[in-house]
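Colleague: Handing you this structure, nothing more for now.
In UniProt numbering, the protein residues as written are 1 to 236.
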């Protein structure tokens, strides 16, 4: 493992996260800090064997969490009223606002950060390993650590043109071939962006392979959305 964070900095980063907005004061998130080295190594293996999970000073599994909120509601005699769809949406939103506040704070202190989307490769197994109860679902990982410039030289990553994702008053009716080519040009500075999109988002790619794993995890963690209601049919 690389050098630890400076004394007091982890608390500052966590407190910055806790100050993030939360919908209706629900705090629908949980962060599991992984300090056990054997567990960290196992999670790295489950997350596409990414070495920086092992090397980072800090590694968290970021989860949406409505289990605790349900306990709080029922503790005062209330009947739980959140369904699965709303839990998934608001829990993921709450957790992500906390995580990004932590990232901003960590980078302001001079550290490097990296989100780990490969948690979704084995999200059902990770939930079991961490003993997560029903209503808690891993979303992604978060690495925070001292930057090693030899392995991670500072760079500013490219982004698609702003006019393709910030609109005024309404969504455009279509994207022109020129606009789409401009996006590819902006994102292909170091390598062909199409190769990345094809690997992740085209048929047979990473996202398609993650779909059944995610479905299993949603069922396992009690968050599988109920089937859509059938339209009412009647005869006169």
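Even glycine gets a Cβ: it sits at the ideal position worked out from N, Cα and C.
(1) Considering only their Cβ atoms, is the gap separating residue 68 from residue 30 smaller than 9 Å?
(2) Rounded C-beta distance between residue 47 and residue 118? I'm assuming under 8 Å.
(3) May I ask you to report which of helix, strand or coil DSSP gives residue 38?
(4) Smallest Cα separation from residue 107: which of 210, 17, 208?
(5) For residue 8, count the other beta carbons within 10 Å of its own beta carbon; 16 or more makes it buried, fewer makes it exposed. Which is it?
(6) What residue from 19, 24, 59 has the CA that sits closest to residue 38's CA?
(7) What residue range does the alpha helix (DSSP H) around residue 17 cover?
(8) Assign residue 158 to one of three DSSP states: helix, strand, or coil.
(9) Consult DSSP for residue 117 and reduce its assignment to one of helix, strand or coil.
(10) List in chain order: all unbroken alpha helix (DSSP H) runs of 4+ residues lying wholly within the segment 122 to 147.
(11) Using the beta-carbon count (16 or more within 10 Å), is residue 94 buried or exposed?
(12) Is it the case that the Cβ atoms of residue 183 and residue 161 are separated by a distance below 9 Å?
(13) Return the residue from the list 215, 223, 143, 89 that minimises the CA-CA distance to residue 237.
(14) To the nearest angstrom, how far is the alpha carbon of residue 213 from that of residue 125?
(15) In the structure shown, what three-state DSSP assignment does residue 103 receive?
(16) Quick one: what's got a C-beta closer than 8 Å to residue 40's C-beta in the same chain, skipping five residues either side?
(17) Considering Cα atoms alone, identify which of 145, 158, 77, 134 is closest to residue 109.
(18) How is residue 234 classed by DSSP in three states: helix, strand or coil?
(19) Report yes if the C-beta distance between residue 65 and residue 137 is below 9 Å; otherwise report no.
Modeller: In short, the structure shows the following:
(1) In this structure, residue 30 lies near residue 68, with their beta-carbon atoms less than 9 Å apart.
(2) 4 Å
(3) helix
(4) 17
(5) exposed
(6) 59
(7) 9 to 18
(8) coil
(9) helix
(10) 123 to 129
(11) buried
(12) Going by C-beta atoms, residue 183 is nearer than 9 Å to residue 161.
(13) Only positions 1 to 236 of the chain appear in this structure, which leaves residue 237 out of reach.
(14) If you take the alpha carbons of residue 213 and residue 125, they lie about 9 Å apart.
(15) Secondary structure of residue 103 (DSSP, three-state): helix.
(16) 34, 53, 54, 59.
(17) That would be 145, whose Cα lies nearest to the Cα of residue 109.
(18) Note that residue 234 scores a pLDDT of 37, beneath 50, so its modelled location is shaky and nothing firm can be said.
(19) Here residue 65 is near residue 137, since their CB atoms are less than 9 Å apart.
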